[in-house]
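This note's numbering puts the first residue of the sequence shown at 175, with every later residue one more than the last. Every residue, glycine too, gets a C-beta built ideally from N, C-alpha and C. See structure below.
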Amino acid sequence: MRIFERITGSMEAKREWRSMEKRAKSLPPRYYEAYQAIQRYLNVTGGLTSWQSSHRVLTVILELMEQAAFEQKPVTDFTGEDVAAFCDELVKDEQSWQTSYRHKLNQTIRQNS
């Protein structure tokens with residue numbers, strides 16, 4: 175990896191992010207607001223540690239929002255009534271910041287014991 179990419183991140187990842195955000199912004203307002211709310215929830219509850227994980231999860235969510243908008247159905251028809259539980263289930267096998275910090279804490283304590 176080049177030094178520039180280490181500092182700024184992958185340009186390809188940035189292009190993919192912008193493309194996803196453009197798709198999201200083209201959703202009808204209530205679906206875009208739902209997409210943003212889900213993004214915030216995922217970030218606040220631990221966040222995903224890699225772009226690959228984030229891309230995979232957010233693509234699934236974006237596709238669900240697009241399908242809901244196309245069918246003019248409520249978001250909860252696709253996620254269930256407990257949207258937070260849906261999100262938690264979606265990311266349960268992904269590496270999160272919380273998981274990384276938990277691992278780092280346990281490793282530090284073991285080394286110092």
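- Annotation for residue 218: the continuous alpha helix (DSSP H) segment containing it runs 203-218.
- If you ignore the 5 residues before and after residue 215, its C-beta comes within less than 7 Å of the C-beta of 258, 261, all in its own chain and listed in chain order.
- Note that the C-beta distance between residue 274 and residue 223 is below 8 Å.
- Taking C-alpha positions only, residue 286 is separated from residue 251 by approximately 50 Å.
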